[in-house]
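The structure appears below as structure tokens.
Protein chains in written order, with our numbering: chain A, 72 to 166; chain B, 16 to 500.
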């Protein structure tokens with residue numbers, strides 16, 4: 072299976088990973104080989120087979136809607152790249 | 016003292032022949048002297064370890080000891096440790112110091128174990144050779160005396176190499192597609208991947224959530240049982256954790272194996288296996304027959320599709336899990352981003368290594384519009400077929416046995432340029448993760464002076480039976496006692 076340069080550029084945007092021009096040809100080759108490998112799946116007869124999302128077919132566990140954790144905002148913000156007045160800082164979004 | 020097992024060290028501490036402070040210092044000295052050869056540790060926590068050892072000695076003196084009180088171990092650097100750097104082998108988390116403990120590390124802390132530090136690993140647990148760590152590759156202790164630099168296997172290669180080199184008696188590990196069993200096999204130690212959900216994933220940095228499972232690496236099956244006694248159990252903080260009673264895994268180690276029914280999956284004794292490897296594995300199975308087991312051939316007809324299904328499901332889940340690394344709340348951030356998109360895309364391009372980026376891109380592609388049904392949904396259906404194979408097999412046998420890996424440890428750098436060839440290193444282990452059943456790797460011989468692992472696969476929650484089978488094998492063989500020079 073071939074994966075085009077345009078496909079890689081599009082997926083890189085979706086994945087929020089900058090990909091340089093020189094990396095794209097290596098990725099075309101590697102991703103093409105990986106997709107060749109996974110194309111083996113198409114040979115399997117999966118008619119009427121239920122997809123398996125969890126090995127134990129578990130369902131989402133519910134709990135009472137109560138606060139169980141203490142507030143650790145300061146501890147979490149202490150390890151952030153940039154904060155101010157209890158907020159996380161990012162580059163300006165709105166001019 | 017460094018050659019003793021966890022069980023033996025626990026007895027030495029109990030008898031008062033040595034204190035935890037003395038023992039911890041001995042292991043720390045070994046790490047300092049020897050690990051320049053292996054690079055098996057990312058972080059060594061000397062000060063904390065000695066303080067914890069002192070506290071453990073006081074706990075023992077007060078008569079409040081558990082089997083782990085004062086016994087040293089190391090944690091794979093994927094488990095968050097409160098106040099101790101946790102990198103997951105990545106530049107992205109190079110300076111990340113979590114403000115909380117993973118449930119697994121908290122459990123060992125509570126049991127009184129002394130953590131010597133954090134072991135090296137493939138970045139975000141993506142790899143089969145431990146060459147994809149931001150902190151450099153780990154070198155397998157085996158082969159070094161002949162001047163050969165070989166991989167320890169991945170992604171728990173640091174844990175396996177540290178145990179094999181006697182730098183620590185036991186280490187935690189995780190297994191998404193074989194990352195406990197494969198390095199255990201290549202380093203000649205014993206490793207257990209429990210049933211999915213048996214060990215809490217809380218605080219274990221996620222790669223592929225429906226496959227990741229924390230487990231154990233030590234030299235003996237008995238030590239793996241001692242570890243699992245601490246690690247296993249329900250955790251309300253992990254929605255995938257199973258609420259089911261935990262047995263004492265050491266209680267059944269000595270049960271006789273007479274009548275144990277062993278199945279040999281014919282797909283795992285195929286052309287991919289060298290005759291020398293196959294002979295070692297079949298010799299191990301003959302030992303089991305001498306212990307009273309019976310053997311029959313079984314089939315896992317969909318096993319051949321396991322790698323293909325895995326390399327859709329695991330990257331798809333990885334692409335979602337690793338979206339949290341965006342340079343905003345913690346971890347690496349690029350210099351002087353010009354806008355928000357630049358912050359995201361450059362942070363992730365600079366913070367992630369090649370293999371991680373490759374898998375995120377594959378996963379994003381598989382989940383993108385127009386491809387979801389053909390890749391992700393199809394893979395999840397194939398996964399059901401693979402699971403059904405195991406369910407059918409366990410109607411007739413108690414355990415399955417196979418080689419853990421297709422070959423012994425290969426040379427550093429030998430497969431780094433060909434990801435697909437590297438992926439095939441996990442050909443005998445991946446289906447087990449897709450099904451969610453437990454499996455072990457047990458040392459079972461040597462080929463060209465390098466260790467060979469026997470994989471023992473069990474039905475859901477049959478860890479006690481696996482540990483019993485491995486322990487009995489280790490009573491009549493000494494492969495697990497061999498030490499790399």
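Glycine included, every Cβ here is placed at the ideal spot set by N, Cα and C.
Item to check | Delimiting residues of the alpha helix (DSSP H) encompassing residue 150 (chain A) | outcome: That residue, residue 150 (chain A), is in no alpha helix (DSSP H); it is neither H nor E in DSSP.
Item to check | Backbone secondary structure at residue 368 (chain B) - three-state DSSP | outcome: coil
Checklist entry - Which ranges does the alpha helix (DSSP H) cover as unbroken runs of at least 4 residues, wholly within the stretch 168 to 205 of chain B, from first to last along the chain? => result 172 to 179, 196 to 202
Next on the checklist: Counting beta carbon pairs with one atom in the stretch 79 to 98 of chain B and one in the stretch 215 to 231 of chain B, are three or more of them shorter than 8 Å?
Outcome noted: yes
Checklist entry - Where do the N-terminal and C-terminal ends of the alpha helix (DSSP H) with residue 306 (chain B) fall, by residue? => result It is not in any alpha helix (DSSP H) - residue 306 (chain B) carries neither H nor E in the DSSP assignment.
Checklist entry - Is residue 111 (chain B) close to chain A, meaning its C-beta is less than 8 Å from at least one C-beta of that chain? => result yes
Item to check | Where the alpha helix (DSSP H) containing residue 75 (chain B) begins and where it ends | outcome: Counting along the chain, the alpha helix (DSSP H) containing residue 75 (chain B) begins and ends at 61 to 76.
Checklist entry - When the cut-off is 8 Å and only beta carbons count, does residue 76 (chain A) lie next to chain B? => result no
Item to check | residue 32 (chain B) burial status per 10 Å Cβ neighbour count (16 or more: buried) | outcome: exposed
Item to check | Buried versus exposed, by CB contacts within 10 Å (16 or more), residue 315 (chain B) | outcome: buried
Checklist entry - So with Cβ pairs under 8 Å, would you call residue 329 (chain B) a contact of chain A? => result So no, residue 329 (chain B) is outside the interface.
Next on the checklist: With three or more beta-carbon pairs closer than 8 Å as the criterion, would you say the stretch 138 to 152 of chain B touches the stretch 421 to 440 of chain B?
Outcome noted: yes
Item to check | Candidates B:119, B:134, B:82, of which the one nearest residue 105 (chain B) by Cα | outcome: Considering only B:119, B:134, B:82, the residue with the shortest C-alpha distance to residue 105 (chain B) is B:134.
Item to check | Where the alpha helix (DSSP H) containing residue 323 (chain B) begins and where it ends | outcome: Per DSSP, the continuous alpha helix (DSSP H) segment holding residue 323 (chain B) begins and ends at 321 to 336.
Next on the checklist: Does any residue of chain A have a CB that is nearer than 8 Å to the CB of residue 322 (chain B)?
Outcome noted: yes
Checklist entry - What first and last residue would you give for the beta strand (DSSP E) that runs through residue 473 (chain B)? => result From DSSP, the beta strand (DSSP E) with residue 473 (chain B) extends over 465 to 473.
Checklist entry - By DSSP, does residue 17 (chain B) sit in helix, in strand, or in coil? => result coil
Checklist entry - Applying the criterion that 16 or more other CB atoms from any shown protein chain within 10 Å of the CB defines a buried residue, is residue 271 (chain B) buried or exposed? => result exposed
Item to check | alpha helix (DSSP H) segments (min. 4 residues) lying fully within the stretch 233 to 315 of chain B | outcome: 236 to 246, 290 to 305
Next on the checklist: Which residue wins for smallest C-alpha separation from residue 453 (chain B), given the options B:228, B:160, B:178?
Outcome noted: B:228
Checklist entry - Between the stretch 208 to 228 of chain B and chain A, which residues of the former have CB atoms less than 9 Å from a CB of the latter, in chain order? => result 210, 211, 212, 225, 226
Checklist entry - Would a C-beta distance cut-off of 8 Å place residue 61 (chain B) and residue 43 (chain B) closer than the cut-off? => result The answer is yes: Cβ separation under 8 Å.
Checklist entry - At a CB-CB cut-off below 9 Å, which residues of chain A make contact with residue 275 (chain B)? => result None at all; the shortest Cβ gap to chain A is about 24 Å.
Checklist entry - Taking C-alpha atoms, which residue in B:462, B:180, B:199, B:444 lies nearest to residue 53 (chain B)? => result B:180
Next on the checklist: Let me check understanding here. Comparing Cα to Cα, which of A:144, A:165, A:86, A:150 lies closest to residue 157 (chain A)?
Outcome noted: A:144
Checklist entry - Shorter than 8 Å from the beta carbon of residue 434 (chain B) to some beta carbon of chain A? => result yes
Checklist entry - For a contact meaning CB atoms closer than 8 Å, what does residue 402 (chain B) contact in chain A? => result 123, 126
Checklist entry - Excluding the five sequence neighbours on either side, which residues of its own chain have a C-beta within less than 6 Å of the C-beta of residue 236 (chain B), listed in chain order? => result Excluding sequence neighbours, residue 236 (chain B) sits near 205, 482, 485, 486, 489.
Checklist entry - In chain A, what lies closer than 8 Å to residue 14 (chain B) by C-beta? => result This structure gives no information on residue 14 (chain B), because the portion of chain B shown stretches from 16 to 500.
Item to check | Distance, residue 292 (chain B) Cα to residue 106 (chain A) Cα | outcome: C-alpha separation (whole angstroms): 30 Å.
Checklist entry - Looking at C-alpha atoms only, which residue of B:161, B:21, B:319, B:215 is the closest neighbour of residue 186 (chain B)? => result B:21
Item to check | Those residues which DSSP pairs with residue 130 (chain B) across a bridge | outcome: B:88
Next on the checklist: As a quick exercise: from B:83, B:57, B:79, B:71, pick the residue whose alpha carbon is nearest that of residue 99 (chain B).
Outcome noted: B:57
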